[in-house]
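Sequence positions in the sequence shown follow this note's numbering and run 1377 to 1508.
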Amino acid sequence: MKEYKIKPKHRHKKLANEIIKQKMTTGKVNTGKAMRDAGYSESFSKTPNVVLESKGFKAVAVANGLTEENIAKWLYADIVTNEGKRVPELTLTSKLLGMHEEKINVDLSQNTTVSLLRGLLDASKEEEDEVL
């Protein structure tokens, strides 16, 4: 299998710079705004993961020192220095390590939700009966 060299687009580099600039000036990052400032369309700025998960952007991130090893070091340093105020850091760490579960609230008082769940259960039971 032939390997292709990843060549990040100019906008990937510009986006990385916008993210760094926002973090340095405000301490926070608004990814949608950073994307618009980097030249991405409004629709892309509403779904930033499409770009942030791309091979090109990841290559730019690694080239700028955003490796898993460095992120782990920075996160650890942040946890140690923010004793007593580290819920965001610990939550992020647990997500990175696959230890965090998102909670989903389902309002069973809604008839549509109950009907949907009953339909899923009935379909599951029918498949089980076919196997037996």
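Heads up, the beta-carbon is just placed ideally off N, CA and C, and yes, glycines get one too.
Assign residue i to buried or exposed, taking buried as 16 or more other Cβ atoms, counted over all protein chains shown, within 10 Å of its Cβ.
i	result
Val1438	exposed
Glu1394	buried
His1388	buried
Val1427	buried
Val1436	buried
Met1400	exposed
Lys1397	exposed
Nearest to residue i by CA position, among the options, is which residue?
i	options	result
Lys1422	Lys1409, Ile1447, Gly1403 and Lys1434	Lys1409
Gly1415	Leu1391, Leu1428 and Asn1406	Leu1391
Can the beta-carbon of residue i be found less than 8 Å from the beta-carbon of residue j?
i	j	result
Pro1384	Phe1433	yes
Ile1455	Glu1445	no
Pro1424	Thr1402	no
Lys1431	Ile1382	yes
In the DSSP assignment, find the alpha helix (DSSP H) that holds residue i and state where it starts and stops.
i	result
Tyr1452	Glu1444 to Thr1457
Lys1383	Per DSSP, Lys1383 belongs to no alpha helix (DSSP H) and is neither H nor E.
Val1426	Asn1425 to Leu1428
Ser1419	Glu1418 to Lys1422
Ala1410	Thr1407 to Asp1413
Gly1432	Lys1431 to Ala1439
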